[in-house]
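**Student:** I am attaching a structure below and will ask some questions about it afterwards.
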Ligand code: IPD
Ligand code: CA
Ligand code: CA
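Numbering (our numbering), first residue to last: 592 to 856.
Okay, structure coming up:
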């Protein structure tokens, strides 16, 4: 059994502290659901508060490290080699609707390369973590991507562009192509958890376009350390494009080939 390194332990502690706060706020969101204005404001408070907790914990334990956080943006550190990538609440729309499926995602880059990741499934109290060459873990159980070899047997997860996002036509075309080739397609609403569940072998593959670096950073390390690939669909820089294809190669490669055939326009 592998133990998390001191830095990953710090990331796990920060996620635990933020999760406590999110659980509390989630209870209140459910009570506030009748109000239309309230929940939207409330969620941004929950986002910001969770981010504040994570930032405070991490910067105390690792002074000088830089940050890229969804709500605050980039915070430069004196240590130019390390940067945390933080999404304090991934799955805001679920959270807002009282749907108990959302996560906290904390990735770590060293010299611009993803090295470690923690994804916390807040309501299931599951903490996924991974570190380069140390494997991917759910608490102390080692994770492995699914063993299925054929696309036709695969259960695939994706992200549907939400209101205000571009790429809806392209997504529609991709979905109708993929639907014909796999067992089933799911949409759960938290990119970081989609990746964690691919790492755990609960889902065979994942694709989505237009994600932000904080959505993907931690989950990509999880999938890679669980023996899968997590890459940009077109072969570019994953964190720059945010177009992710992830899963074990026997499933993710043919899925990627299908997606590449769908015209962008
Ligand atoms: C969103 C979730 C969702 C994905 C969106 C993301 P947020 O993150 O990960 O699954 O489809 O593209 O923006 O806004 O809830 O942090
Ligand atoms: Ca997100
Ligand atoms: Ca978020």
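Backbone N, C-alpha and C fix where the C-beta goes; we use that ideal spot for every residue, glycine too.
Please read these numbers as outputs of a predicted model, since none were measured by experiment.
Put residue 780 into one of helix, strand or coil per three-state DSSP.
**Tutor:** Here residue 780 is taken as the residue at index 189 of the chain shown, counted from 1. Of the three classes helix, strand and coil, the one that applies to residue 780 here is coil, per DSSP.
**Student:** Residues in its own chain within less than 6 angstroms of residue 627 by CB, not counting five upstream and five downstream?
**Tutor:** Counting from one through the chain shown, the residue named residue 627 turns up at place 36. The predicted model places residue 627 with a pLDDT of 42, which falls under 50 and marks its position as unreliable; any figure quoted below should be read in that light. Cβ neighbours of residue 627 beyond the five flanking positions: none.
**Student:** With a threshold of 7 angstroms (Cβ to nearest heavy atom), would residue 712 be considered close to ligand 2?
**Tutor:** For the purposes of this step, residue 712 is taken as the residue at position 121 of the chain shown. Checking the Cβ of residue 712 against ligand 2 gives no.
**Student:** Does the distance from the CB of residue 809 to the CB of residue 727 come in under 8 angstroms?
**Tutor:** Your numbering for residue 809 matches position 218 in the chain shown. Your numbering for residue 727 matches position 136 in the chain shown. In this structure, residue 727 does not lie closer than 8 angstroms to residue 809 by Cβ.
**Student:** Among 701, 824, 831, 828, which residue has its Cα nearest to the Cα of residue 567?
**Tutor:** Any property of residue 567 remains undetermined from this structure, which presents the chain solely from 592 to 856.
**Student:** Got a sec: does ligand 1 put a non-hydrogen atom nearer than 7 angstroms to the Cβ of residue 683?
**Tutor:** Position 92 of the chain shown, counting from 1, holds the residue named residue 683. Correct: residue 683 has its Cβ closer than 7 angstroms to ligand 1.
**Student:** According to DSSP, simplified to helix, strand and coil, what is residue 820?
**Tutor:** Mapped onto the chain shown, residue 820 falls at position 229. Residue 820 falls in the strand class under three-state DSSP.
**Student:** Which whole-angstrom value describes the C-beta separation of residue 677 and residue 787, a residue pair presumed to lie in contact below a C-beta threshold of 8 angstroms?
**Tutor:** If you number the chain shown from 1, residue 677 lands on position 86. If you number the chain shown from 1, residue 787 lands on position 196. Residue 677 to residue 787, Cβ: 16 angstroms. No contact.
**Student:** What is the rounded straight-line gap between the Cα of residue 854 and the Cα of residue 754?
**Tutor:** Mapped onto the chain shown, residue 854 falls at position 263. Mapped onto the chain shown, residue 754 falls at position 163. Distance between the alpha carbons of residue 854 and residue 754 is about 22 angstroms.
**Student:** Can you tell me whether residue 774 is buried or exposed, with buried defined as 16 or more other CB within 10 angstroms of its CB?
**Tutor:** For the purposes of this step, residue 774 is identified with residue 183 of the chain shown, where counting begins at 1. The residue is exposed, with fewer than 16 neighbouring Cβ atoms inside 10 Å.
**Student:** State the DSSP-derived secondary structure class of residue 679, mapped to helix, strand or coil.
**Tutor:** For this step, residue 679 is matched to residue 88 along the chain shown. Reduced to three states, the DSSP call for residue 679 is strand.
**Student:** How is the beta strand (DSSP E) around residue 749 delimited, first residue to last?
**Tutor:** Counting from 1 along the chain shown, the entry for residue 749 is found at position 158. Note, residue 749: beta strand (DSSP E), 746-749.
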